[in-house]
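Participant: Per UniProt numbering, the very first residue in the sequence shown carries number 1; after that it's consecutive.
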Amino acid sequence: MPSLDWIGRQAVINHYKEIPYHLLEIDKGLSFNIDEADGNVIVHGDNLVALKALLPYYARSVKFCYIDVPYNTGNEDWIYNDNVNDPQIRKWLGQVVGKELDDLSRHDKWLCMMYPRLQLIKDFLRDDGFICVHIDDSESANLKIIMDEIFHSSNYLATIYVQVRYADKTLKQDMDFHKQIEQILVYRKSPKAKPNLQSEDYSYDKFVFSIQEKGQGEEIELGGKKVVIFKPGQYEIKKHDKGFKEGLKEIWASGTILDGNSQEDFLGII
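Pasting the structure below:
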């Protein structure tokens, strides 16, 4: 089975075993009555430390785990930092990897961060458990190799492709090729895991919105496409009692994002 080597690998390959266990301190000011919490817990802190603290309670007892990991795009403008040069990550890498830190590429750093966390997550899963990891193509190739190594390639089940945007509806011009697809890698803990696949008939039940023009929009050219911009008051989003083929979902009818700024203008592409 292929394996992946990177700068810092030897420092992190067994690091998950070296992390000390921690006690979770309850913040009563932010907590519900424990009798009403139904076993739910929100942990604030480094996720590696948090995982090790939770392991004694949930080891080999989790049926399904879904994680939306940092994509490593270098984007620092989101609500969480997607850049492996984040000061907290660099501090952790310096402690674990040591002097090699300055030689690490951004991909080396991402792999150093992800490997011990995936190893710990595996210890949470039941033998009939599953893990889904959401990623884009910035690190999907590297992720597939280390997931095969940690969970074994025989336990790889599928890659689910999620279309997150459409080329003919993307008007931003900040890059030549916009990413349209993200991936979800699906693995099982062991052959004892049997997916309970359920079929669902496609329907138009949720396509209950339409956009009605109430005024004359301004026609401009944007991103090589002719578009008509309707200002607030020049259009109306109408909800119908029943879905229909030409209808829109609420998320499609709620406005658009233009040059990174959310606004209430409605754009019609000609």
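All residues carry an ideal CB built from backbone N, CA and C; glycine is no exception.
Just so we're clear, the structure is a prediction, and the values are computed from it rather than from any experiment.
Grab me the residues of residue 125's own chain with a C-beta within less than 6 angstroms of its C-beta, minus the 5 sequence neighbours each way, in chain order.
Facilitator: 62 and 189
Participant: For residue 116, count neighbouring Cβ atoms within 10 angstroms of its own Cβ and tell me buried if that reaches 16, exposed if not.
Facilitator: buried
Participant: With 16 as the cutoff for other CB atoms within 10 Å, does residue 207 come out buried or exposed?
Facilitator: buried
Participant: Please list, in chain order, all residues of the same chain as residue 165 whose beta carbon is under 6 angstroms from its beta carbon, the five residues on each side excluded.
Facilitator: 180
Participant: Just checking: is the beta-carbon of residue 132 within a distance shorter than 8 angstroms of some beta-carbon in chain C?
Facilitator: Structure shown: chain C not included; a single protein chain is present.
Participant: Does the beta-carbon distance from residue 218 to residue 226 come in below 8 angstroms?
Facilitator: no
Participant: By Cβ distance, which residues of its chain are closer than 6 angstroms to residue 9, with the 5 residues on each side in sequence left out?
Facilitator: none
Participant: Can you give me the Cβ contacts of residue 43 inside the same chain, cut-off strictly under 8 angstroms, excluding the 5 residues immediately before and after it?
Facilitator: 24, 50, 53 and 54
Participant: Which residues share a DSSP beta bridge with residue 158?
Facilitator: 186
Participant: Thinking residue 234 and residue 221 are a contact (beta carbons under 8 angstroms), I'd like their distance in whole angstroms, please.
Facilitator: No, residue 234 and residue 221 are not in contact; Cβ-Cβ is about 19 angstroms, not under 8 angstroms.
Participant: Specify the secondary structure class of residue 165 as computed by DSSP and reduced to three states.
Facilitator: coil
Participant: Rounded C-beta distance between residue 211 and residue 134? I'm assuming under 8 angstroms.
Facilitator: Not confirmed; about 30 angstroms, so no contact.
Participant: Hey, could you find the ends of the beta strand (DSSP E) residue 213 is sitting in?
Facilitator: It spans 209-213 - the beta strand (DSSP E) in which residue 213 sits, taken as one unbroken run.
Participant: Buried or exposed: residue 129, going by 16 or more other Cβ atoms within 10 Å of its Cβ?
Facilitator: buried
Participant: Taking residue 132 as the reference, which of 108, 161 and 105 has the closest Cα?
Facilitator: It is 161 whose Cα lies nearest to the Cα of residue 132.
Participant: Identify the continuous alpha helix (DSSP H) that holds residue 52 and give its terminal residues.
Facilitator: 47-58
Participant: Pop quiz: residue 136 and residue 66 are said to be a contact at Cβ under 8 angstroms. What is the actual Cβ separation, rounded to whole angstroms?
Facilitator: Contact between residue 136 and residue 66 does not hold, since their C-beta atoms are separated by about 16 angstroms, which reaches or exceeds 8 angstroms.
Participant: Beta-carbon within less than 6 angstroms of residue 48's beta-carbon, same chain only, minus the 5 sequence neighbours each way: which residues are those?
Facilitator: Spatial neighbours of residue 48 in its own chain (CB-CB distance under 6 angstroms, excluding positions within 5 residues in sequence) are listed in chain order as 117.
Participant: Can you tell which of 242, 246, 216 and 239 has the C-alpha that lies nearest to the C-alpha of residue 232?
Facilitator: 216
Participant: Could you give the distance in angstroms between the alpha-carbon of residue 154 and the alpha-carbon of residue 191?
Facilitator: Taking C-alpha positions only, residue 154 is separated from residue 191 by approximately 9 angstroms.
Participant: Going straight from the alpha carbon of residue 277 to that of residue 142, what length do you get?
Facilitator: Beyond the ends of the chain as shown, which are 1 and 270, falls residue 277; an answer cannot be given.
Participant: Going straight from the alpha carbon of residue 145 to that of residue 195, what length do you get?
Facilitator: 22 angstroms
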